[in-house]
Each structure stands twice: as C-alpha cells, then as structure tokens.
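What follows is one structure encoded as structure tokens, with my remarks underneath.
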Ligand SMILES: Cc1cc2nc3c(=O)[nH]c(=O)nc-3n(C[C@H](O)[C@H](O)[C@H](O)COP(=O)(O)OP(=O)(O)OC[C@H]3O[C@@H](n4cnc5c(N)ncnc54)[C@H](O)[C@@H]3O)c2cc1C
Ligand SMILES: Cc1cc2nc3c(=O)[nH]c(=O)nc-3n(C[C@H](O)[C@H](O)[C@H](O)COP(=O)(O)OP(=O)(O)OC[C@H]3O[C@@H](n4cnc5c(N)ncnc54)[C@H](O)[C@@H]3O)c2cc1C
Ligand SMILES: Cc1cc2nc3c(=O)[nH]c(=O)nc-3n(C[C@H](O)[C@H](O)[C@H](O)COP(=O)(O)O)c2cc1C
Ligand SMILES: Cc1cc2nc3c(=O)[nH]c(=O)nc-3n(C[C@H](O)[C@H](O)[C@H](O)COP(=O)(O)O)c2cc1C
Ligand code: FES
Ligand code: FES
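Residue numbers (this note's numbering), protein chains in the order written: chain A, 468 to 771; chain B, 468 to 771; chain C, 54 to 308; chain D, 54 to 308.
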C-alpha cells in the first residue's frame, strides 16, 4: 500500500493535495461535485476583518497557458467566514487552512487571532503577497524586515501553526523565506501569482479593470518550481508548493523540488475534479516510480 | 501609406521589429531563409571578451507555452564577433544592436569600447540580466546602484548609444530603470528571461544540466507587458520591448504598453519567418486599428 | 446536478457569417432545467487556450439526449470550437446557472435579443409557446449576414429584426422597434450586450422583466468571484452571474 | 534549401507498439539530399506544446513528393503527432542537417541502429544497396512489441535483431551481436541512444564510422546554440548537432 499521508505543523494530511486559496471559494460549489473529505486539506478564500467587495470587473483574463486575476480579496469578512462558511465546512473530515489578508498589521493580527480559534481551522496561511490590493498586502511580502515582524505579530496571537504565503515578485525569495523563518513561521506556502497585464489589441486598453492582475496557471510552473527548490534547500521550513499544478506529474514535481504538500489553484477552473483525480492517481504513479510513500519523494531533486 | 519607421537613439528603424539577442545567432542561419535587410534591426548574440563555450547540455527544456534555456552566453568572443560575424553582416542594410555581456565591469567596458567601433553596430544592448552565468551578470541587473555604475562606465567608452537590458527577476523594476536612466543610458530593452526550472517527473532530476534556466516565450508575455507599461510610465527612456512576442497583435500590445520597438525571441524557433511575417502584417493591422503610423501607437494604453 | 462530461458532436453548421450551430449528445442533457442555462466548454485538450468558454443552451431535447448551441467564432477559443466535426468529443461542464422563469409570463411575452444573445431565447420561446403564451420576438443583429434563426422564430410568433447597418429589417437597434410596438405584454425576457439590456430596462420600467447577463468567467460555478455584479439591494450586496444568474429580474443588477 | 511548409498527411499507421509510420507530401521533399537528414515538426497550432520536434527522415520519394518518418509516441508532442489523420496538414521545417555520406562505403557496410534510431538507416540502406554496397543490419529494440521494419531490412541484406528482454532475436544489446559478427566491412553507420553510439565506437576503433547524434533542440537550424557538443579537436572546439550534424565521423564528438 502506497502511503499518501503527510504530517505537517498543525496538519495531519490524508494526502498531500489541496485546493489553493481563492480558487475554491469556501468549498460550497465543489461540494456539489464531490465529497470534500477526500482532500488533504482546503485553503479557503482570503478573509479580511470587514467584508470586501473587491475590484471592478473584468477581473479575469486568459493568457497563454495561464490567466490573470484581480479579484481583490472579495470575501464576506471575518464574521461571515467564521459564522457561516467555517461552520458549514465542519461536516467534512478535512482540515481547513484559513487564508488571512489585510492592509495593516492590526488587520492581520485581528483576523489571525479570531479565525485560529475555529475548531476546524488547523493552520493559518498569511497572505502577504496578494498583488491585487492597493496598499499593504504587496509590500509585506517584498521586504524581509516587514515580513519578519508581521510573522512575529501573527504568531503571537494565533492558536494554530502559521504558514506564510510568499510572493514571487521579488529579487530574492530566499531572503524573505529566511526572514519569516526567523519570525517564527511554522511553514511556507508558495507561490502566489506573478504580477502581469493583458491589453486588448483592438483598443489598447488593459483587459483587467484593475489594469494589472496576478498571473497563475501552467505558465508559471517553472518559476514556482525553481522558487520552491531554492527555498527548500535554504530553509528548514516545510513548504506547501503551488503554481501551475494541473496533473499528477506536476504534483510529483513539486514534491521532488522540496514541497511537503501541493496546492492546486487555477486548474480547478479548467477541470473541477482535478484535486480528487490527482489524489486517485498518486498511489499508482508513486508505485511506478518505485516509491512506497509520498513522503519519500519530498526533496528528491536535492539528493540527485 | 502606413509609416512603420521609428527613430531611436542611434537607430533609424525601417520598422519596429527585430530579432532578440540569442535567438538569432549572428544572422547567418536566418539569412538562408529570408533577406535580413527587411528587419528593423538585429540584436546579435551576447559577446564577451573571450570566447565562451557556455553550459553543459541539455540547455533547453519546453514548458507550458514557454521554454527554459541555459545556453550560458556561448559566443566566439570579441575578436571572433568583430572579425567575422559583424563583417559578414555588413552586406545587409540593417542596423546591428550588439549585446554585451561579462562578469566584471572591466569585461563590459572592454567589449563595449571595442564593439561600438564596428561600422554597422548602431547601438549597444548591455545584458546585465542574463540568469545563466554564475557570477556577475545577474547581480548587475538586480541592484540599482550597481546597475547605475555599470551604465556610467559603459557610456564613458561607447561610441554609440547604450541600451540597458533589464532583468524581470526583481522586486521593483522601475527602480532599476531609473538607476540606469541616471547612469546615462540612452534606452532600455526589456525583458530578459524569468528564472525557472523543470524537473523530469520520472527521475526527479532537473531537465536543464545547469539546474535552472531562463523562461521565455508566450508564457511570460503578461509579465513583460506589465513591466514595459510600468517602466514607460515612470521613466523617459525609450524602450525596446520583448517577452513572448509571436504575432502581429503581440507587437501591437508592446507598442501600446509603451515600447518604441519590439524584439522577437523564442518565436523564431517556432516559426523562423515570424519577424518578416509580423513586418508584413503590421501596416494592414495598423490601418484596421485606425492608425497611420507605428509611432502613433506607442504608449496608447497610457492615454486611455 | 452539474456534470463534467465528454460529449459527442452530432452536427456543426455555419448558419450565418461566422455564426455556428453546434449540436452535441450526452447524458448531461438530462439535467437541463430551463431555457437560459449555459454550459462551460473546454475547446481543446491543451493549456492554451486554458480557460473554458461559457455558451448558452439554445435548445435541448432530452429524448435524444442532445442540445444545441449557437455561437460566434470570434476569438481563439470559439474559432477552435468551430473546427469540431461530427464524432469529435467535447468536454462540457454543465448545465450551469439558472434559466428564465417561464412561469412568470401570463399571456403575452416580449423576447428581446441582440447578436449572440439571441440563441437562448429560442428554447425560451418554445417553452412559453408550449404553455400557451403568445411570444413576440425582437431581435437585433449587426447586419444581414449575421442574422440567424429568423424563420424558426417566425414559426413561434411575431418576429421583428433590426440590423445596425439596415441591411435587413429595421435599421438601428432593437429599441427602435420597441418604440413602435404596443406595450400589451405582461413580461419581457432579454439577452444580449449589456448596453442593450440597460436600454430595454429603461424602455419598460413598469413591466416585469428578466435579463440574462454576461461577464468574464473563471470557474463558471460560483467559486472564484470573477463574474460578480453589484445589486440595487444594498451597497454591499452582489451577485455572481454564473451561479446566481445569468438571468436576473430587471432592476436588480448594477451593470 | 530549408523550407517551412504546410505538408499534407498521406498515411499514418501504428507499426509496432506506440511506434508510428507517418508519410507526408509536399515540395519540401525535393530538397532532401541524403539519408540521415531530419525535419523539425510543429505538432499543433498552439503555444502548448510550443517547440518543434526533430524527427529523422526514414525514407523519401522525390517523384511522389512524399517522405516517411517513424517515431515513438512518447511525450506530449509525439502523442499529438500520432493523432494526425490522412488529409490533415502538418507544419514541417526542413530538410535539416547533413545526412550519412554514402560515398564513404566501398564494398560492405554495417548499419547499427537502436530503437527510434533505426528509421534513418532504412533510407541509408536503400541508398547503399543502390550503389552496389552490401549492407548488414544490426538493430536493437526494447522488446518484441517494439520491433519494426524487420522484413524491410531483410530485403536489403542480412539483418540481426537484439531485444533487451530477449523476446525476439538475441537477448541484450546490439553489441552482443557485434561481438559475434566478422569485421569484414569497410564502414559502419550508426544511429541510436548515445550510450549505444559510444559502445559501437569502442567496438571498432580501427574502422571508418559515421554516427548520428541526438540533442535537445531549440531552433533546429544552428542559431540558438542549444544542441552543441564538444569535439576531440581542441578544448574550445564544438559542433552543433542540428546544422553541423546530426551525422559525424566516429571519434569527433565528445558526448
Ligand atoms: C452566460 C454566458 C452565455 C453566453 N452564451 C453565448 C452564446 O450562446 N453564444 C455566443 O456566441 N457567445 C456566448 N457568450 C459569450 C462567449 O462566452 C464569448 O464569446 C466567448 O467566451 C469568447 O471566447 P473566444 O475564445 O472566442 O474569445 P477570446 O477573446 O479568446 O476569449 C478570451 C477570454 O475572454 C472570455 N470572453 C471573451 N468574450 C467574452 C464574453 N462576451 N463573455 C464572457 N467571456 C468572454 C473568454 O471566455 C476567454 O476566457 C456567453 C457568455 C456568457 C457569460
Ligand atoms: C536529429 C534527431 C532525429 C530524431 N529522429 C527521431 C526519429 O526518427 N524517431 C523518433 O521517434 N524520435 C526521433 N528523435 C527523438 C525525438 O525528437 C524525441 O523523441 C521527441 O522530440 C520527443 O518529443 P515528445 O513531445 O514526445 O516528448 P516531450 O518529453 O514532450 O518533449 C519535451 C521536449 O524535449 C525534447 N526531447 C525529448 N526527447 C528528446 C530526444 N530524445 N531528442 C531530442 N529532443 C528531445 C522535445 O523535442 C521537446 O522539446 C530524434 C531526435 C533528434 C535530435
Ligand atoms: C481567481 C484567483 C483568486 C485567488 N485568490 C487568492 C486569495 O484570496 N488568497 C491567496 O493567498 N491567493 C489567492 N490566489 C492565488 C492562488 O492561491 C495560487 O497561489 C496561485 O494562483 C498559483 O497557483 P495556480 O497556478 O495553481 O493557480 C488566487 C488565484 C486565483 C487564480
Ligand atoms: C535560447 C536563448 C538564448 C538567449 N540568449 C540571450 C543572450 O545571449 N543575451 C541576451 O541579452 N538575451 C538572451 N536571451 C533572452 C532573449 O533575448 C529575450 O530577452 C527573452 O527570450 C524574452 O523574449 P522571448 O519571450 O521573445 O524569447 C536568450 C533567449 C533564449 C530563448
Ligand atoms: S465564474 Fe467563478 S464565480 Fe462566477
Ligand atoms: S537547435 Fe538551435 S543551434 Fe541546434
């Protein structure tokens, strides 16, 4: 029997596959398609203190093997998420990773403190890297000192382990990773989207109302993989890797690069069954490759 | 008549389309396919003081809508390039932009000084952004101060205008652009490749012998376009834009974003006739869009 | 229930300039519930193009397990879709969204469509006629070459055509026709460009109306928040076109 | 002259397990000059997969303007290629590279191939036989199910087959057969995995040999420096497999 289980701070995962934040809402829609208890975990949509309506539309645009989005952290706010979304999710046997966003340190602290007390929230993912909010968000993820301090502040109040979600839009991602490690982070999730833009060749106007958006999907996989590889070699933190995962071999690649678990974002829109499909194929693929467990594969590329 | 001509420091371009450095060698191979005098300009392969053999193979790997390369600046060296390649190119009525690379400031200065005296070299493109050389290269492009000083040093010795080629692997590309503007650069070319990686899912090994490589092709176009847009709004330097250009609408997009001319890299491998094809289609497309010249389109997205 | 199904192309035909009628077969049709629903189509087994394309159901036949779409081959995705031939497979996610509430019409309904907003009105008209409701069709197109289904709509009721260039029917927009028609209907149903929907709402502020909206989509099922619109209900209220719509009562959506 | 041409698929057949024989037609064939040349194929009109795929010419017929390739459907690109049907178009860049120098063989030649390195040896054998040269074929495959063209080679000369699993012919590698054969030939030609080329060179240090190499390619025409190998000539000498090769004299390339 191939063992898919992975143990991470706060998380006992049945398998290393989970939907990425913002690409799965709070699970309700996908629950109509399959049993969410199959998933390793669920990363829910970013939660902010107050409800947010996000950016004007169009909010998405297609690009070659990728897409841009500028949703802008639309969410029902801390009360809405804790009151209705998380409670609803309790019916499933699946750990929730709550994605926390804000524009000030106080915002992050407030959300982290409260949401970490929800019984099914087993870990926090601190989104210091969303490119689609005008203030705050992006700078937290690009300056090591700011990232360290935010990590410390969140760690001080969280009742569950804290994962920091890194932005790829930086010169040196290892320096940010090391800073959050120093700040006491329990793990890292990476990568968030690359900042990009699409124009309408007819009008010359940006297709996304917000002008720029975050690039995700298979197009960014090489960048994501390189960053996971670098960070996993140079820090001791466990990594939940993501960026362009769309099939079982992509998941294998992220584990090989050094991730301990893998999140699937954009691919859910292309194939809503992608997560259970990868989970189903993983044991056979591991067996073919000569591995008895998913765990053995982690960081395989470093050992070669 | 639609006017395609563009005037840039040192360059009187018949049209705004040129092959990007490293994707066209020194023109010999493509000269067998079409008349190089059709091109707006030619950006030749990076030249270093001494001949270089580059990295071990495999040097290329395909990715979703893109490719990775780690050629590693293989070139015949200053003497070889000036002696045989540039002389051979004199038969064509096309300005050459010489791509200059090195590992120390002295290297860059040496190549810039000499190669800028070649009669058909009308401008230099200083490659401070190649991700595939182990020392030097990459850091020049990621630190504003270093970039400024290198620009000054090269400007001091060059007999022709100097364009600096920016790396996209930075937190803040505008700060690098401003630094090279202060350093006296005549223009900017952007973007070079994004640092990426591919693994073989069977073995877990990196496909590229050099482990990481530079990501190019349609996958990176959204990132390139966003950066051209940002830099063109915040500096006064003319930009030669590139990154994923593969058809006439891509070229339109880069001009709209603020580039004054457009370079085509990876697409030459997919369609070796891509440059003359874009040049041929440009007048009709401009006419359809209601523009009388390519120049009018430049920066169109800023004015909307 | 929403399914993702590998359906089979039964027929594909160009019925007007770059307008294609595509019929596919599969069990997914069993779950179709109302005219105005749509499907989300993956046009190629490639990452480029990556996203699915939303296309309305123009008509369906549960007995034959077939449904028909009508679409304009315009961009990358729809042009690839136009290459499908009978026997080819097609990856369809659906049925999605809520359709037109046929039970809201009492005696006579106006069906107002523009361009590629016309197709869902066909199944709607059949359904209304099936309930004994008189339907009047007011359809706008770019020009004569883009007109389709005129005869089919005529079989179901009075049909008025407007073309922007005047090459067929009335010159101008559907609103030019609406101005000339009596207001003796009890409900209207409309699908087309947002500007048209706005104009139609303005024309009949006192009538019961149902409008089908378009938005750029990601998931198509309500999870990604790509396709939202604010509503007139409150400052903080919003709907998702894909899962709450695409059909909404007139006066609700701020577009 | 190198051309980029939209050729037409004449036939496609699976001739062994996941091994396809594909014949296409077009003027580009007129420029083919020697067995061992290759073409660079764009398998889909999409950016994914992006790059062309290098495939050897297995045989060509200038009168019919047709040439044949034999390839293994393995990864993304070759699997898409395997979906092409007669009548479909195919974007081919070629002919590329320099082929085998048939004039270098005097009386008797050994043709040593492994797996998907076997195909170019077929046209080569025909050309050598056409010049009155005796050919002996030593061909290695994974297993019986992967063997192709055995009968065709037999028509041209002695043919020995090795399979790794022993399911057909000699068990093991081509070198196991070479050890048993006389060395009464004047030239050998080989194409296959690099390890096999190395072994063959070691087996016949004193003979005249020509080897066809593989490398990952970008442009396929000599411009991008993706496909280089160092040579035995000097520390700084190198060749490009695509334009200087793919065929080189034994002892030249450091692989
Ligand atoms: C609910 C709904 C029902 C629709 N029904 C029909 C129909 O029955 N017939 C028909 O011809 N068209 C219909 N459309 C519009 C259709 O989805 C677009 O024409 C199509 O997505 C364009 O894709 P493309 O590949 O041709 O264009 P591209 O420009 O390549 O598309 C790029 C991206 O933009 C999106 N996009 C472009 N135009 C639109 C648009 N108008 N609406 C939403 N997304 C868009 C695409 O889906 C894709 O993600 C409908 C749209 C919606 C939202
Ligand atoms: C000169 C030459 C002649 C060849 N002739 C034949 C032939 O006649 N029949 C045949 O079956 N194969 C031949 N090959 C190998 C063939 O090119 C690869 O099998 C093919 O490119 C694999 O593509 P894929 O899409 O199936 O695999 P993928 O794994 O999707 O390919 C990914 C990338 O790697 C490259 N690649 C993968 N394997 C190889 C390889 N072995 N050599 C070069 N590039 C590779 C691909 O071209 C592509 O760019 C030849 C290779 C060369 C260099
Ligand atoms: C529509 C959309 C919404 C997203 N929203 C969030 C979010 O709320 N919080 C967050 O941390 N990341 C968000 N992301 C980023 C993803 O979680 C993920 O990091 C990124 O998309 C890369 O993975 P992918 O290529 O698999 O999509 C969003 C991505 C998309 C496409
Ligand atoms: C094979 C290859 C070699 C390259 N060599 C160089 C080089 O020598 N100097 C340089 O400045 N850029 C080099 N580049 C980068 C390109 O000039 C260009 O900036 C980049 O590829 C993005 O454009 P594209 O997406 O159109 O390829 C190379 C790119 C490729 C793919
Ligand atoms: S398209 Fe994703 S919520 Fe509507
Ligand atoms: S593949 Fe480009 S030089 Fe050989």
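Think of the CB as a built atom: it goes at the ideal place given N, C-alpha and C, for glycine as much as any other residue.
How close, in whole Å, do the beta carbons of residue i and residue j come, if the pair is a contact with beta carbons under 8 Å?
i: residue 629(A); j: residue 589(A); result: Rounded, the Cβ-Cβ distance is 11 Å, inconsistent with contact.
i: residue 507(B); j: residue 728(B); result: 6 Å
i: residue 753(B); j: residue 723(B); result: About 11 Å separates the two Cβ atoms, so there is no contact after all.
i: residue 118(D); j: residue 79(D); result: 6 Å
i: residue 256(D); j: residue 228(D); result: 6 Å
i: residue 565(A); j: residue 592(A); result: 7 Å
Taking C-beta to C-beta, are residue i and residue j nearer than 8 Å?
i: residue 169(C); j: residue 191(C); result: no
i: residue 411(B); j: residue 101(D); result: Since the first residue shown for chain B is 468 and the last is 771, residue 411(B) is missing from the structure and cannot be characterised.
i: residue 88(C); j: residue 180(C); result: yes
i: residue 244(D); j: residue 265(D); result: yes
i: residue 615(A); j: residue 647(A); result: yes
i: residue 645(B); j: residue 702(B); result: yes
i: residue 275(C); j: residue 286(C); result: no
i: residue 707(A); j: residue 730(A); result: yes
i: residue 609(B); j: residue 585(B); result: no
i: residue 490(A); j: residue 280(C); result: no
Check the DSSP bridge columns for residue i and list the partner residues they point to.
i: residue 151(D); result: 299(D)
i: residue 106(D); result: 94(D)
i: residue 74(D); result: 66(D) and 123(D)
i: residue 594(A); result: 632(A)
i: residue 144(C); result: 59(C) and 95(C)
i: residue 735(A); result: Bridge partners of residue 735(A): none, in fact.
i: residue 486(B); result: 731(B)
Should residue i be counted as a contact of ligand 7 given a C-beta to heavy atom distance under 7 Å?
i: residue 124(D); result: This structure does not include ligand 7; its bound ligands are ligand 1, ligand 2, ligand 3, ligand 4, ligand 5 and ligand 6.
Is residue i helix, strand or coil by DSSP?
i: residue 769(A); result: helix
i: residue 138(C); result: coil
i: residue 581(A); result: helix
i: residue 526(A); result: coil
i: residue 505(A); result: helix
i: residue 632(A); result: strand
i: residue 112(C); result: strand
i: residue 696(B); result: helix
i: residue 711(A); result: coil
i: residue 265(D); result: strand
i: residue 194(C); result: strand
i: residue 56(D); result: strand
i: residue 531(B); result: coil
i: residue 752(A); result: helix
i: residue 553(B); result: helix
i: residue 258(D); result: coil
i: residue 133(D); result: helix
Task: Contact the region 525-532 of chain A vs the region 570-581 of chain A: 3+ CB pairs below 8 Å - done: no
Task: Cβ contact check for the region 108-124 of chain C and the region 73-81 of chain C: 3 or more pairs under 8 Å - done: yes
Open item on the list: Could you check whether the region 193-203 of chain C touches the region 214-229 of chain C, counting it as contact only if at least three pairs of C-beta atoms, one from each stretch, sit closer than 8 Å?
Closed with: yes
TODO: Mind the definition here: the region 532-544 of chain A touches the region 505-521 of chain A only if three or more C-beta pairs lie below 8 Å; say whether that holds.
DONE: yes
Task: Cβ contact check for the region 748-758 of chain B and the region 688-699 of chain A: 3 or more pairs under 8 Å - done: no
TODO: Kindly confirm or deny that the region 81-99 of chain C and the region 55-72 of chain C touch, where touching means at least three C-beta pairs closer than 8 Å.
DONE: In this structure the region 81-99 of chain C touches the region 55-72 of chain C; the number of beta carbon pairs closer than 8 Å is three or more.
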